[in-house]
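Asker:
Residue numbers (this note's numbering): 79 to 473.
(1) Of the residues 135, 390, 447 and 235, which one's Cα is nearest the Cα of residue 70?
(2) If you follow the alpha helix (DSSP H) that residue 89 is in, where does it begin and where does it stop?
(3) DSSP three-state call for residue 126: helix, strand or coil?
(4) Could you give the residue range of the beta strand (DSSP E) that holds residue 225?
(5) Does the Cβ of residue 101 have 16 or more other Cβ atoms within 10 Å, making it buried, or fewer, making it exposed?
(6) Evaluate the contact criterion for the stretch 125 to 143 versus the stretch 156 to 175: three or more CB pairs, one atom per stretch, below 8 Å.
(7) In chain order, what residues of the same chain have a beta carbon less than 6 Å from the beta carbon of residue 314, not counting five sequence neighbours either side?
(8) State the beta-bridge partners of residue 341 as determined by DSSP.
(9) Taking C-beta to C-beta, are residue 342 and residue 250 nearer than 8 Å?
(10) Which residues in the same chain as residue 281 place their Cβ atom closer than 6 Å to its Cβ, once the five residues preceding and following it in sequence are excluded?
(11) Looking at the strands, I want to know which residues DSSP matches up with residue 135.
(12) Just mark residue 217 as buried or exposed, buried being the case when its beta carbon has 16 or more other beta carbons within 10 Å.
(13) Alpha carbon to alpha carbon, how far is residue 187 from residue 278? Give it in angstroms, no decimals.
(14) Between which two residues does the alpha helix (DSSP H) harbouring residue 217 extend?
(15) With which residues is residue 157 paired in a DSSP beta bridge?
(16) Distance check for residue 264 and residue 392, CA to CA, integer angstroms please.
(17) State the start and end residues of the unbroken beta strand (DSSP E) segment that holds residue 205.
(18) What number of angstroms, rounded off, separates the C-alpha of residue 212 from the C-alpha of residue 294?
(19) Pull up the DSSP beta-bridge partners for residue 429, would you.
(20) Can you tell which of 94, 84, 368 and 107 has its C-alpha closest to the C-alpha of residue 447?
(21) Let me make sure I understand the geometry here. Which of 126, 165, 176 and 259 has the alpha-carbon closest to that of residue 144?
(22) Exposed or buried, residue 443, counting other C-beta atoms within 10 Å across all chains shown (16 or more means buried)?
(23) Which value, in whole angstroms, describes the spacing of the CA atoms of residue 459 and residue 226?
(24) Would you grab the beta carbon distance between residue 373 and residue 365 for me? Rounded to a whole angstrom, and I think it's under 8 Å.
(25) Taking only three categories from DSSP, how would you classify residue 455?
(26) Check each candidate in 344, 149 and 332 and name the one with the smallest Cα separation from residue 275.
(27) Taking all protein chains shown into account, decide if residue 257 is buried (16 or more other Cβ within 10 angstroms of its Cβ) or exposed.
(28) Can you tell me where the beta strand (DSSP E) with residue 332 in it begins and where it stops?
(29) Report yes if the CB atom of residue 322 is closer than 8 Å to the CB atom of residue 286, and no otherwise.
(30) Smallest Cα separation from residue 245: which of 290, 205 and 425?
(31) Let me know if residue 451 comes out buried or exposed under the rule of 16 or more other beta-carbons within 10 Å of its beta-carbon.
(32) Exposed or buried, which one is residue 298 when buried takes at least 16 other CB atoms within 10 Å?
(33) Let me know the secondary structure DSSP gives residue 262 once reduced to three states.
(34) Alpha carbon to alpha carbon, what distance is there between residue 172 and residue 238?
(35) Run the CB neighbour count on residue 445, radius 10 Å, all protein chains shown included, and call it buried at 16 or more, exposed below.
(36) Within a Cβ cutoff of 7 Å, which residues of the same chain sit near residue 283, ignoring the five residues on either side of it in sequence?
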């Protein structure tokens with residue numbers, strides 16, 4: 079059998095392997111069953127777990143007010159709000175004091191001073207908020223994240239009642255100016271969350287990461303695991319290595335339904351986003367090895383496609399320009415002495431047509447599925463971004 083035919087068959091095998099592995103790993107965006115929107119206090123037979131919403135804030139006086147009001151309006155009977163003021167230098171403390179007076183039985187606050195080197199202790203702030211929680215479950219929320227629905231906590235509680243130990247909610251990121259860097263950042267975050275969603279539900283495996291907002295876990299588990307003590311050198315985004323390290327199979331749920339989502343405002347300046355992205359990449363480097371491999375699954379899988387394409391081109395080239403038995407001359411010299419091109423074997427165009435047809439069908443159907451997933455995730459914003467423009471930080 080000619081070596082060119084062997085390489086052509088190998089290229090088809092690699093292509094088919096790539097397609098099979100891709101679609102075995104693909105999980106369409108299918109949110110968990112939507113809860114019936116009713117008042118949970120009316121259903122006394124359901125045991126609603128206690129939830130402590132921990133908001134760690136730093137210089138977010140304007141948007142913090144909207145976030146606290148949105149959480150306080152949740153239709154849920156058993157929750158509290160804890161605001162951790164992480165060394166804010168603006169009027170955040172005044173906003174917190176007014177909120178405590180407005181919701182005296184619902185909201186409590188604590189603060190963390192800035193150290194002498196000027197660093198923000200995100201690890202200490204999170205630990206302080208978790209320890210201050212009086213409920214069994216902790217829900218981390220950014221000050222720039224606003225729940226899309228008043229049934230946000232109810233959806234998290236429903237997942238907890240189903241037996242999950244960690245609940246990762248989807249963050250719908252958006253910007254004020256709709257600039258090019260904001261669109262790029264939104265795409266980057268959405269891609270990471272979708273990758274994490276598929277990693278969780280592909281064969282019921284563990285998650286790769288978790289956003290530092292809309293993330294729920296059991297308080298006692300956090301304390302027993304030592305919190306974020308293993309990653310004290312990270313400035314932020316400790317949730318990524320924590321989740322990848324301590325999550326177990328079938329214990330984590332990613333909530334994609336609209337009522338379980340939050341709307342997260344991106345930093346108003348491009349340089350701030352670039353700093354956040356650098357911090358996220360530092361956190362990625364501390365992921366366990368198996369989590370790193372699963373995070374780069376599709377990149378590694380693309381190697382099959384590249385190798386298959388190279389093998390196809392090499393097989394066609396060797397079929398058109400077969401090597402002579404005389405190995406004393408170089409390959410270029412052997413090709414130069416050819417008076418005319420030899421006849422092309424029938425296997426070459428047949429293999430090429432089959433290869434291109436399979437690849438075309440794969441990419442067309444992939445584009446269709448990706449478009450459907452985006453339609454399920456690109457839900458119109460519930461909150462008006464213009465309300466956030468009353469602060470100079472977001473002009």
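Cβ coordinates follow ideal geometry from the N, Cα and C atoms, glycine included. Everything numeric in this text was worked out from a predicted model, so none of it was measured.
Answerer: According to the structure data:
(1) For residue 70 there is no data in the structure shown, the boundaries of the chain being 79 and 473.
(2) That run of the alpha helix (DSSP H) goes 81 to 103.
(3) Shown here, residue 126 sits in coil according to DSSP, grouped into three states, outside any helix or strand.
(4) Counting along the chain, residue 225 sits inside the beta strand (DSSP E) bounded by residues 223 to 225.
(5) The residue in question, residue 101, is exposed, as its Cβ has fewer than 16 Cβ neighbours within 10 Å.
(6) With a cut-off of 8 Å, the stretch 156 to 175 and the stretch 125 to 143 count as touching, because enough Cβ pairs lie within range.
(7) Residues of the same chain with a CB within less than 6 Å of the CB of residue 314, apart from the 5 flanking positions on each side, are 200 and 357 in chain order.
(8) Looking at the DSSP output, residue 341 shares a beta bridge with 224 and 250.
(9) Against a cut-off of 8 Å, the Cβ pair of residue 250 and residue 342 comes out as a contact.
(10) Cβ neighbours of residue 281 beyond the five flanking positions: none.
(11) Per DSSP, 163.
(12) Buried: at least 16 other Cβ atoms inside 10 Å.
(13) Cα to Cα, the separation comes out at about 34 Å.
(14) Taken as a continuous stretch (DSSP letters only), residue 217 belongs to no alpha helix (DSSP H), being part of the beta strand (DSSP E) at 215 to 219.
(15) DSSP, once it has assigned bridges, lists 129 as partnering residue 157.
(16) Rounded to whole angstroms, residue 392 to residue 264 spans 40 Å at the Cα level.
(17) Here residue 205 belongs to no beta strand (DSSP E); instead the alpha helix (DSSP H) covers 200 to 210.
(18) For residue 212 and residue 294, the distance between alpha carbons rounds to 15 Å.
(19) Beta-bridge pairing by DSSP links residue 429 to no other residue.
(20) Minimum Cα-Cα distance from residue 447 among the listed residues 94, 84, 368 and 107 corresponds to 107.
(21) Among 126, 165, 176 and 259, the Cα nearest to that of residue 144 is on 176.
(22) Around the Cβ of residue 443, a 10 Å sphere holds fewer than 16 other Cβ atoms; the residue is exposed.
(23) The straight-line gap from Cα to Cα measures roughly 8 Å.
(24) Contact between residue 373 and residue 365 holds: their C-beta atoms lie close to 7 Å from each other, under 8 Å.
(25) Here residue 455 sits in helix by DSSP.
(26) It is 332.
(27) Residue 257 is classed as exposed because its beta carbon has fewer than 16 other beta carbons within 10 Å across all chains shown.
(28) Its beta strand (DSSP E) spans residues 330 to 333.
(29) Taking 8 Å as the cut-off, the Cβ atoms of residue 322 and residue 286 count as close.
(30) Per the Cα distances, 290.
(31) Under this definition residue 451 is a buried residue.
(32) Exposed: under 16 other Cβ atoms inside 10 Å.
(33) The three-state secondary structure of residue 262, taken from DSSP, is helix.
(34) Distance between the alpha carbons of residue 238 and residue 172 is about 35 Å.
(35) Counting other Cβ atoms within 10 Å of its Cβ, residue 445 stays below 16 and is therefore classed as exposed.
(36) Closer than 7 Å at Cβ, skipping near neighbours: 277 and 327.
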